[in-house]
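Protein chains in written order, with this note's numbering: chain P, 956 to 1263; chain X, 4 to 346; chain Z, 86 to 434.
For glycine and all other residues, C-beta sits at the position ideal for the given N, C-alpha and C.
One structure is given here, and the rest of the page talks about it.
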Amino acid sequence: MKKYFRELSVAGALGVLLIALAIFAPAFYQGQPLLSLLTATAPKLVVACGMALIIIGRQIDISVGSQFAVSGACGALLLGHGQPVAVALPAAMLAGALMGAFNGALIAGLGLPSIVVTLATMVSFREALRWKRQGELINIGAAQWFGLGQGHGQWTIIIVALAVLLAVGCAMRYLAAGRFIYAVGTDAEAARLAGINPRLVTFLNFVLIGALTGLAAMMAAVQSPLVDPNAGVGLELLVIAAVVVGGVSISGGRGNLFGVFVGLLLLSCISPALTYLGVEAYWEKAIQGTIILLAVVADGWRSRKNKN
Amino acid sequence: MKRILVLLLTAGLVLSGCGKSDTGSSADSSSAAPAASGAKKLTIGLLPKAKGNPYFVSVAKGAQKAADELGDTLIFDGPTNDDASKQNETVENWINSGVDVIAVAAEDKDSLSTPLRKAEAKGIKVVSFDADVLPDARSFFVNQATPQGIGYALMDKAAQLSGNTGEFAIITASLTAANQNEWRKYIEEDLAKNYPNMKEVDFRPGNDDKTTSQTVATELMSAHPNLKLIMAISSIAVPAAAEAVKQAGKIGTVNVIGLGLPNENKQYVHDGVTNCVILWNTGDLGYLTVQAADALVKGTLKPGDKTFKVGDKSYDIAGDKNDNILLGAPTVFDKSNIDQFDF
Amino acid sequence: MSSSHKTGGTKALLRSHEFILFVVVVVEWIFFYFIGTSKNFSGHTVGFGTLDAQFDILRHSCEIGLLALVMTPIILTGGIDLSVGSVLGFAAIVFGKLWRDGHVPIPEAMLGALAVGACAGGLNAFLITWLRLPPLIVTLGTYSLFRGLAEAVTHGADTFTGFPDSFNFLGQERWLGMPAQLPVFVIVAIAVWLLVHRTTFGRSFRAIGYAPEGARYAGLPVERRIALVYVLAGVVAALAGIIYTARLGEAKADSGTGYELFAITAVVLGGTSIFGGSGSVHGTLLGVAAVAILKNGISLAHGPTEVADMLTGVLLILALTASIVPKILSKRPARVQTVPSTPQPSPTS
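Right, here's the structure in full:
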């Protein structure tokens, strides 16, 4: 129990929020709008899974928002030109994987610091897309919902996100590859001496988050017939905050996907909660920042207590 | 060794300052070129609020058309997303690079006026379009519709669709977006004056993000079960809100109107989700702006003129100071006419 | 990576990151001079090569420069501060509110804003040093918090403008022939340079960044020094907020959005290692110059903003790669670098 204290407290906070909503704004729990909210949050969960791996591996990736926009645009363009989902979806994931590979090559291959490399690619990727598209929306018409229609489409998206969460969570726990990431994140040198190849692990980590971002971008894109090439602004901050609030340590080596799940839900519920509770919108950022700080302070308090 | 570096750096800066001052007054770089030869190729700087915004891209298309016809060079540049400080910097760089006339859509009325006054002092002509600056910072404002006109048009249409009674909500861009805040002022003014049985129940930002706007619209509908209408005053929020209404299964229960581009909203108007979008011909706005800018430099448009002629069209110049060139009234794009437009 | 006074000689100077960057800046400058300067219709020179343009480049980079300057000691100690842009905005709002609604005279309002900056930096300092929390996440939280407070105070929509001309002078006019904010910037630059390079206090920053435990054993009051740099960052960010307000003639809740990333870019470009332990203030100044010349140079040559931003990203990657090349050439395998650790033993899970 103690080991999962953090994840459980975040779940608890989420629970408190949900109960408050049930009492003061039961309208939150209507079927269709709740489903739409979950569907909109699903792509972010997929990206958060990738980000959890990155941060556990003691790296960071602030270019995911831009990758999201670029791979989403690639996939949407293919759909708009009549290509089937079976072509567009892998293409988007491939685009994401390539961008991730570029990051990975610089970070793992050349040993450059991830925060700076991804800062540079964040700016470059987004501006390149802006220059190319000039803000024009992409029409995917009948490919909306992957052609499945709204009801099935929404459930498909939610299930895919949960499947990714489960898959990544189990992989981290039970597969050797998952343990490698924890090892590299705790102490890369020790991992190397133990026979793990930290550079390969890191490189693949960035490729993976790129591919997951591509998947997420397509999941988001098909929720409407018009795709915006300006999508994903601020995604990296939300996802990193969710991962950290969920208990993944920024110093690497610690954290699990359940925490990420509740962390993301908590942060994604702030804005709707404000609307349903009738609170003015301009409190959102302050509340978000406070939650992040509380989560981090709780971490610090605990480790101070543990040391004394 | 570090001292050498610092010395070299200082020397570099000093040298740069000496720059080209030997060719004389670098200070008054573009004292108004004598408008003698009409064959002069003018350089016109067109500054949007955000370069990647499809609205401004369509304005720029019309502007480029005018520039091509007149034989002028058009520079279309600015911040890639709303940023008042970058707008100022772009204007200042244009002043220093010797453009002949600057046409701006202000993200922020007060702060952009500062460098524009400098431009006018240096003999560079200034016009504004879409979003005005302070009157003393420009010669003319190419006005597609006053904020009051826009606000009232939206509120009146909303009332008409709701039978003059009921609740409505507004989705805006970001909370700090100046244009939107001004329109809200007039929407609420019209509401208070003329529609006592209607109520604005909420005002939420969509942050110019399609997904966020769509989610916000969904939340508004379920948080306010009696909601009759969503007014989207950020152009990306109009199709987003429509999609939200469609997915919530509330076509016909909740109306959608807003300020949006026809192309982005055609399918929703035809599906009956969005009743109409209110806008103006953005290409014409760009075209008129460049024509006015050109004429201002060449002297065919002067302060005090009552009309401005372009080809065979004549535009009224009105406003308290007779400095608003009026494009015309806002156009309502609905089922009957939206297909005729491509922007 | 920085030019160290230990290894002497001209050869080391020529190979130092700062010198190479200096050469890059000069080449950049010459390049934009040629593509960005021309004569206009009446024969006057216009564009990059004019004094006005150069002064405006200085004016445009003043606030970013201040943030980058004060970010340097923070990064030297192995930390980071993502909240400086938000502190800039929040301080600007406080300044505006004190003056307009509190009817506080301008000088006192400025002091109020600086005090708020100090408190903001103090919050960061407290969380990072007393509670030993990772700077990246603490400042990610305060980045949202301070921006959120600015939006809450103004309800997002309110702006403060109409400042007296004597105030706007600071951001817009010339004083003794140079932009009025330049002396302020120069004073801060010299002060930070002296602090980092000429005081034992400042020299300890690099020690703390390089080996925090070792520094502690050596008797350095590590926490106090780290706390100081974050408080200093808050104050300077508030100062930047005041100058920003004077330059635009207005204070808004979104003032300074995105500036923190620009500042980090300049610092890293200047050769300071993001992991701490090595770097220089003059490197940061060169980094600011490199980016400012690039962005303004393209704008003055009537090129598109998107290209300027893309090239900034490319420049950053090239600079990082270039600094790695000597390592690769010396045939030592590059280890995987990881996120900067906090200056304390890694937190037990």
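Residue j beta carbon less than 8 angstroms from that of residue i
i, j, result
"residue 992 (chain P)", "residue 218 (chain X)", "yes"
"residue 320 (chain X)", "residue 145 (chain X)", "no"
"residue 130 (chain X)", "residue 251 (chain X)", "no"
"residue 945 (chain P)", "residue 1209 (chain P)", "Absent from the structure is residue 945 (chain P), since the part of chain P shown begins at 956 and ends at 1263."
"residue 153 (chain Z)", "residue 397 (chain Z)", "no"
"residue 214 (chain Z)", "residue 303 (chain Z)", "no"
"residue 287 (chain Z)", "residue 158 (chain Z)", "yes"
"residue 1164 (chain P)", "residue 1016 (chain P)", "yes"
"residue 157 (chain X)", "residue 341 (chain X)", "no"
"residue 275 (chain X)", "residue 235 (chain X)", "no"
"residue 121 (chain Z)", "residue 386 (chain Z)", "yes"
"residue 442 (chain Z)", "residue 203 (chain Z)", "For residue 442 (chain Z) there is no data in the structure shown, the boundaries of chain Z being 86 and 434."
"residue 242 (chain Z)", "residue 323 (chain Z)", "no"
"residue 47 (chain X)", "residue 103 (chain X)", "yes"
"residue 167 (chain Z)", "residue 148 (chain Z)", "no"
"residue 194 (chain Z)", "residue 183 (chain Z)", "yes"
"residue 1197 (chain P)", "residue 1182 (chain P)", "no"
"residue 73 (chain X)", "residue 66 (chain X)", "no"
"residue 1090 (chain P)", "residue 268 (chain X)", "no"
"residue 229 (chain Z)", "residue 1243 (chain P)", "yes"
"residue 405 (chain Z)", "residue 1067 (chain P)", "yes"
"residue 346 (chain X)", "residue 265 (chain X)", "yes"
Spatial distance of residue i from residue j (CA atoms)
i, j, result
"residue 259 (chain X)", "residue 205 (chain X)", "15 angstroms"
"residue 1166 (chain P)", "residue 1051 (chain P)", "5 angstroms"
"residue 27 (chain X)", "residue 131 (chain Z)", "For residue 27 (chain X), the predicted model reports a pLDDT of 34, less than 50, meaning its position is unreliable and no value from the coordinates is stated."
"residue 1150 (chain P)", "residue 1138 (chain P)", "11 angstroms"
"residue 1047 (chain P)", "residue 169 (chain X)", "45 angstroms"
"residue 400 (chain Z)", "residue 343 (chain Z)", "18 angstroms"
"residue 334 (chain Z)", "residue 1002 (chain P)", "41 angstroms"
"residue 1253 (chain P)", "residue 296 (chain Z)", "26 angstroms"
"residue 129 (chain Z)", "residue 275 (chain Z)", "36 angstroms"
"residue 203 (chain X)", "residue 193 (chain X)", "12 angstroms"
"residue 108 (chain X)", "residue 50 (chain X)", "6 angstroms"
"residue 222 (chain X)", "residue 1035 (chain P)", "29 angstroms"
"residue 1239 (chain P)", "residue 233 (chain Z)", "7 angstroms"
"residue 113 (chain X)", "residue 246 (chain Z)", "7 angstroms"
"residue 1132 (chain P)", "residue 1172 (chain P)", "25 angstroms"
"residue 245 (chain X)", "residue 997 (chain P)", "21 angstroms"
"residue 1062 (chain P)", "residue 122 (chain X)", "46 angstroms"
"residue 136 (chain X)", "residue 152 (chain X)", "17 angstroms"
"residue 1256 (chain P)", "residue 216 (chain Z)", "7 angstroms"
Among the options, nearest to residue i - alpha-carbon criterion
i, options, result
"residue 969 (chain P)", "P:1225, P:1118, P:1229", "P:1225"
"residue 1230 (chain P)", "P:1160, P:981, P:1211, P:966", "P:981"
"residue 254 (chain X)", "X:55, X:81, X:231", "X:231"
"residue 159 (chain X)", "X:333, X:300, X:147", "X:333"
"residue 200 (chain X)", "X:165, X:213, X:224, X:70", "X:165"
"residue 1190 (chain P)", "P:1020, P:1156, P:975", "P:1020"
"residue 263 (chain X)", "X:312, X:213, X:118, X:304", "X:213"
"residue 226 (chain Z)", "Z:255, Z:165, Z:291, Z:186", "Z:165"
"residue 1074 (chain P)", "P:1018, P:1108, P:1087", "P:1018"
"residue 125 (chain X)", "X:97, X:93, X:149, X:147", "X:97"
Rounded distance between the beta-carbons of residue j and residue i, thought under 8 angstroms
i, j, result
"residue 361 (chain Z)", "residue 162 (chain Z)", "6 angstroms"
"residue 1056 (chain P)", "residue 1161 (chain P)", "7 angstroms"
Worksheet item: Residues in the region 1220 to 1232 of chain P with C-beta within 8 angstroms of chain X's C-beta atoms, listed in sequence order?
Response: 1226, 1227, 1230, 1231
Worksheet item: Taking a cut of 7 angstroms between CB atoms, which residues from the region 86 to 109 of chain X lie near chain B?
Response: No chain B appears in this structure, whose protein chains are P, X and Z.
Practice prompt. Taking only beta carbons into account, state which residues of the region 50 to 70 of chain X come closer than 7 angstroms to chain P, listed in chain order.
Written response: 55, 56, 57, 60
Fill in: chain P contacts made by the region 209 to 233 of chain X, where a contact means CB separation under 9 angstroms
210, 211, 212, 213, 214, 215, 217, 218, 219, 221, 222, 223, 224, 225, 226, 227, 228
Discussion item. Against chain Z, which members of the region 1235 to 1256 of chain P pass a CB distance test of less than 9 angstroms?
Written reply: 1235, 1236, 1237, 1238, 1239, 1240, 1241, 1242, 1243, 1244, 1245, 1246, 1247, 1248, 1249, 1250, 1251, 1252, 1254, 1255, 1256
Discussion item. Output needed in chain order: residues of the region 1043 to 1076 of chain P with a Cβ under 9 angstroms from some Cβ in chain Z.
Written reply: 1061, 1062, 1063, 1064, 1065, 1066, 1067, 1068, 1069, 1070, 1071, 1072, 1074, 1075, 1076
Discussion item. By the 8 angstroms beta-carbon criterion, what residues does the region 1087 to 1104 of chain P contribute toward chain X?
Written reply: 1088, 1089, 1090, 1091, 1092
Worksheet entry | Selection of the region 987 to 1006 of chain P by Cβ proximity to chain X, strictly under 7 angstroms | 987, 988, 991, 992, 995
Fill in: Interface positions of the region 1204 to 1219 of chain P facing chain Z (Cβ-Cβ less than 9 angstroms), listed along the chain
1204, 1205, 1206, 1207, 1208, 1209, 1210
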